[in-house]
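Numbering (this note's numbering), first residue to last: 82 to 212. Idealized CB from N, CA, C, for every residue including glycine. Everything numeric in this text was worked out from a predicted model, so none of it was measured. Quick notes on the structure that follows.
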Amino acid sequence: MIVRGQITVEFLVVVIALLFIFNFALAIYSNNSLFLSSFEEKSEAEEISARIGNALNSVFFAGNGASIKAVFYKKADFNASIHSNVLAVRSKNTIADFALATSGISFEGFAFGKKLEISNIEGIVVVEREE
C-alpha cells in the first residue's frame, strides 16, 4: 500500500509540473502574438504612409498641371492627416510619419478605399475624391 500511495504523489507532481510548463509556454506565446500583431500594424502604417507620401511628392515634383488617380487600401483602422509638411498615418496603437516635399497640400478630400485624383494646381497639391 505504501508503494502505491507514493506513485500517486509522484504522478500528481509530474502532472502539476506539466501544467506549469504548459501555462508558461502559453503566456510566452500570448505575449509574442501581441508583439507580432503590433509589429504588423506598424509595418502596414509605414507602408501606407510611404505610398500616400510618394504619390503626393510625385505630383508636386511633376509640376503644375500634373495629376494622378489612386486608391489607397487599408486593413486596419487608420486615419491619415497632414501637419505642416509631415503626413501622419495613425491607428489606436501606432503612428507612422512621412516627410513631404511641400506644405501646400489640400488634403480634405482624402479617403481610404475611394478613387482619388491628386493634382498639382499652381504648386498646391490637391486631393479630391471622385464620386
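Buried or exposed: residue i, going by 16 or more other Cβ atoms within 10 Å of its Cβ?
i	result
Ser148	exposed
Glu122	buried
Ile205	exposed
Ala126	buried
Ala177	buried
Val152	exposed
Leu197	buried
Gly134	buried
Val170	buried
Using the Cα positions of residue i and residue j, report the straight-line distance between them to the nearest angstrom.
i	j	result
Phe188	Ser162	8 Å
Phe191	Asn160	10 Å
Met82	Ser119	Per-residue confidence for Met82 stands at a pLDDT of 48, beneath the threshold of 50, marking its modelled position as unreliable; no derived number is given.
Arg210	Ile186	14 Å
Val208	Lys195	11 Å
Ile202	Ala106	58 Å
Ser165	Leu117	32 Å
Ser200	Thr175	29 Å
Ile129	Lys155	8 Å
Gly146	Arg132	21 Å
Determine which residues share a DSSP beta bridge with residue i and list them.
i	result
Glu209	Glu198
Lys150	Glu198
Val170	Ala161, Ala177
Ser187	Val207
Is there contact here, the stretch 182-198 with the stretch 137-146, by at least three beta-carbon pairs under 8 Å?
-> yes
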